[in-house]
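Just so we're aligned: 212 in this note's numbering is position 199 of the sequence shown, and the numbers increase by one with no gaps anywhere.
Glycine included, C-beta positions come from ideal geometry on N, C-alpha and C.
Here the structure is a predicted model, which means the values were calculated and not measured.
Here is the structure we will look at, set down as structure tokens.
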Amino acid sequence: MTVLNDPATLDSTVRKAVADATITDIHTHLFPPSHGNLLLWNVDEMLTYHYLVAELFTMAPSGLTPADFRKMPKCRQADLVWEHVLLRRGALSEAARGVVTTLNKLGLDIGGRDLAGIRKWFAQQKTESYLVKVFELAGLDYAVMTNDPFQPAEVEHWRAGRPPHELLKPALRIDTLVSNWPAAAGMMTAAGYETAAMLEADSFDEARSFKEARRFLADWAKKIKPVYLAVSLPSDFAYPTDQPRGRVLNNVIIPAARELHLPIAMMIGTRRRANPALGDGGDAVGVADVSAVQNICAENPDIKFLVTMLSRVNQHELCVCARKFGNLHLFGCWWFCNTPSIIEEMTKMRLELLGANFTANHSDARVLDLLISKWSHTRDIVADVLADKYRLLFQAGWHPTDDEVRRSVRNLLGGAYEEFPAK
Ligand code: FIX
Ligand code: ZN
């Protein structure tokens, strides 16, 4: 343990601690290689990431429709993004820079703009060893997946009962159960659980359906061993509420979390399908009501909630809310907030209001390779923000030790998340 007695050493120690820190990525959409083509990787997958497809349609030739685009082979889709978003408009968006950073850190000559050569390099990679290489370059110990028991393509892979992958931990995603009961009931019934298609408040059928839905979650938890239950919620999410969503939360999700000793991750603020033609890229953001988070935390003090919100507007109120509830852990700069200016602002504000007791970011990566750029960009911002906070602390008279610095850095990048369930 060394006390850092001069500002220059403190600055370099902070920056090195962030650069060297092992990161735990607590929310992604990645899959193990055993899930076959559900694991997306390579340059064409990066170029057709839905963030970039949405950008393409803000600048594409007017004759190109999303429906025509979807019918094209992936490499043709990637060509269009490459041409319009990167070459013609100069790759200035965060999503475009992500592809550039990733290729550069993989050692490819992106400056040469040789897409054919880059494709050749990817064609030579083998999935398993490439996955390990990407995790090493990004500096991750493991990433948490999004595993949806209501997606038949995913269920099929879990049925095969293959051993877990050491770099990827499961999270049980329950959006359908929470927000589309009729669809969830149909699938649970088909899988042998006695769930009525329509909910009728306080009826015998409802009580039995909820019991069966809890059994469904318990069976899935046993099968995949998730680290948390996860749900995304729209910007009009309210709690408490008599709506079916409120009854499912109170009678299925919260009791299941209690029984299974699992935190509930809530990602709040979507406006799904604002432009359905764009698929995943067609979702938008709305300002949500933080009192829903406050109420759910207050009413369920024994349940741990991991929360992120999509609207920048909600971030300050959410930080204040997290100061009031030890069962609330803030994580990530979600989706449209995962841009340098907003990550910087959110990380500063969270540090000022919460200390090093939140998770600065998650990647949300759907394409494996993008772990590299998403974490490289986040590391740079966290290093700048922390270096400045430590400078001010030093000026105030506190001389941190190198151990203290490393501990705070790790807390922001996965340590606080790992400690949260046991708190
Ligand atoms: O709901 C979610 O988990 C979102 O992160 C995704 O649905 C979204 O499409 C995404 O990829 C955001 O980064
Ligand atoms: Zn996500």
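| Query | Result |
| --- | --- |
| Could I get the ranges of all uninterrupted alpha helix (DSSP H) runs contained in the stretch 149-188, with 4 residues as the minimum, in chain order? | 165-172 |
| The ligand FIX: which residues have Cβ under 5 Å from any of its heavy atoms, chain order? | 245, 293, 348, 377 |
| Once you ignore the five residues that flank residue 64 on each side, which residues in its own chain have a CB closer than 6 Å to its CB? | 108 |
| Quick one: any contact between the stretch 78-90 and the stretch 411-420, if contact means 3 or more CB pairs under 8 Å? | no |
| Let me check understanding here. Comparing Cα to Cα, which of 100, 89, 149, 295 lies closest to residue 386? | 149 |
| Taking the alpha carbon of residue 139 as the reference point, which residue from 54, 94, 92, 122 has its own alpha carbon closest? | 54 |
| Pairs of beta-carbons, one from the stretch 154-162 and one from the stretch 37-49, closer than 8 Å: are there three or more? | yes |
| Specify the secondary structure class of residue 38 as computed by DSSP and reduced to three states. | strand |
| How would you label residue 9, buried or exposed, when you count the other beta carbons within 10 angstroms and need 16 or more for buried? | The structure shown has nothing for residue 9, since the chain only spans 14 to 436. |
| For residue 279, count neighbouring Cβ atoms within 10 angstroms of its own Cβ and tell me buried if that reaches 16, exposed if not. | buried |
| Taking only the alpha-carbon atoms, compute the straight-line gap between residue 355 and residue 348 and give it to the nearest angstrom. | 11 Å |
| Specify the secondary structure class of residue 44 as computed by DSSP and reduced to three states. | coil |
| Any idea what DSSP makes of residue 136, helix, strand or coil? | helix |
| Quick check: the stretch 24-33 against the stretch 399-406, are there 3 or more CB pairs under 8 Å? | yes |
| Roughly how many angstroms lie between the CA atoms of residue 407 and residue 392, to the nearest whole one? | 22 Å |
| Check whether the Cβ of residue 37 sits closer than 8 Å to any heavy atom of the ligand MG, and report yes or no. | For the structure depicted, the ligand MG is absent and the ligand set comprises only the ligand FIX and the ligand ZN. |
| Would you verify that the beta carbon of residue 351 is, or is not, closer than 9 Å to some beta carbon of chain B? | As a matter of chain content, chain B is missing from the structure shown, which is built from one protein chain. |
| Which whole-angstrom value describes the C-beta separation of residue 170 and residue 48, a residue pair presumed to lie in contact below a C-beta threshold of 8 Å? | 5 Å |
| Going by the CB atoms, is the gap between residue 128 and residue 91 shorter than 9 Å? | yes |
| Going by DSSP, which residues form a beta bridge with residue 242? | 185, 277 |
| Quick one: what does DSSP say residue 284 is sitting in, helix, strand or coil? | strand |
| Please state whether DSSP places residue 268 in a helix, a strand or coil. | helix |
| Please confirm whether residue 234 and residue 185 have their CB atoms less than 9 Å apart. | yes |
| Is residue 376 closer than 9 Å to residue 384 when the C-beta atoms are compared? | yes |
| Excluding five sequence neighbours on each side, which residues of the same chain lie with their C-beta closer than 6 Å to the C-beta of residue 111? | 383, 386 |
| Sorry if obvious, but does the Cβ on residue 208 come closer than 8 Å to a heavy atom of the ligand ZN? | no |
| So the beta strand (DSSP E) residue 201 belongs to, where does it begin and stop? | Careful: residue 201 lies outside any beta strand (DSSP E), inside the alpha helix (DSSP H) at 194-203. |
| Which stretch, first to last residue, makes up the alpha helix (DSSP H) that contains residue 362? | 353-367 |
| Secondary structure at residue 375, three-state DSSP: helix, strand or coil? | coil |
| Is residue 250 helix, strand or coil by DSSP? | coil |
| Exposed or buried, what is residue 95 when buried is set at 16 or more other beta-carbons lying within 10 Å of its beta-carbon? | buried |
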